[in-house]
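Before any comments, here is the structure.
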Amino acid sequence: MKVIALIPARLGATRFPAKLLANLKGKSVIRRTYESVVRTGLFDEVIVVTDNDDIRKEILSIGGKALKSLKEHESGTDRIAEVAEHMEADVFVNVQGDEPFVQKEPLAKLMDLFSGPDGAKVQVASLVQRLTDPGLIKDPNYVKVAMDLNNRALFFSRSIIPFPRNLTIDIPFYEHIGVYAFTKEALLNFTRWPVTPLEAAEKVECLRFLEHGVSISMAITQYMGVEIDAPEDMIRAEELMEEMGWE
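The sequence shown begins at 614 in the working numbering and counts up one residue at a time.
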């Protein structure tokens, strides 16, 4: 199975402009993400797809692969689709550029969904981890996922789902980790569909698949990383790096 990892890397960000070029203990965020993905050894190719010359040069300067997108895009998925359309692979994996702690074990679980007993039926897959901190469960910056008994996504929301009406049971809350895997057909279909109502309301792009009836298989992992969404995340990331012994 040929698998290509594509890392969408947009310079602009509302909460943290130019975050992908921010210095995270001596290396930019995008460089650390790229190196982490390559280090897994899971992919035939790893390519950064960016709208910015400085990000492209940053990756090329370390001998990495980076392409400049030719159009403006609504989402990272749209950005990588522009490149994937001209490539051949069984699966394309979208790793967000602000995920410097991405590791082999979660990505391997993601790949297993395409090669398992029902792998031929899987069009889209993603990752979740359990949330236990009440503050994070309530935080709209953490996208929550409700899943069926076969770990397929029922809904994604920035609100608390499921709502804990019955407090006598142990209700699992899951955070969506922004790593996706697609067949080429599913990826290109996404870009051909306009933004859907629930997607627009929640600002969660994967809802576009659910609104078109496309199932999303989820792999449960213990990711324990830090996504760089806001300046304060840099402090948390540096602390985690020290705990992990990263240089």
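Don't be surprised by glycine CBs; every beta carbon is placed ideally from N, CA and C.
A quick note: this is a predicted structure, and the numbers were derived from the prediction, not measured.
- Under the DSSP definition of a beta bridge, which residues are partnered with S641? Under DSSP, S641 forms a beta bridge with N636.
- Message: So, under 8 Å CB-CB, L853 and I790 are touching, yes? Tell me the CB distance rounded to an integer number of Å.
- Response: Wrong, their Cβ atoms sit about 15 Å apart, outside the cutoff.
- How big is the Cα-Cα spacing for Q709 and R771? When rounded, the distance between both Cα atoms is 18 Å.
- Item | beta strand (DSSP E) segments (min. 3 residues) lying fully within the stretch 653–716 | Unbroken beta strand (DSSP E) stretches of 3 residues or longer found wholly inside the stretch 653–716: 658–663, 679–681 and 704–708, given in chain order.
- Message: Does F822 pass the burial test, meaning 16 or more other C-beta atoms within 10 Å, or should it be called exposed?
- Response: Its Cβ being crowded by 16 or more others within 10 Å, F822 is buried.
- Would you call the CB atoms of A618 and K722 closer than 7 Å? Result no, Cβ atoms of A618 and K722 do not sit closer than 7 Å.
- What do you get for I675, buried or exposed, if any count of 16 or more other CB atoms within 10 angstroms of its CB means buried? Counting Cβ neighbours within 10 Å, I675 comes out exposed, since fewer than 16 surround it.
- V756 and F768 closer than 7 Å at C-beta: Not in contact: V756 and F768 (Cβ atoms no closer than 7 Å).
- Task: Please classify P753: does DSSP put it in a helix, a strand, or coil?
- Result: Secondary structure of P753 (DSSP, three-state): coil.
- Query: Who are A766's beta bridge partners in DSSP?
  - Reply: Note: A766 sits in a beta bridge opposite M760.
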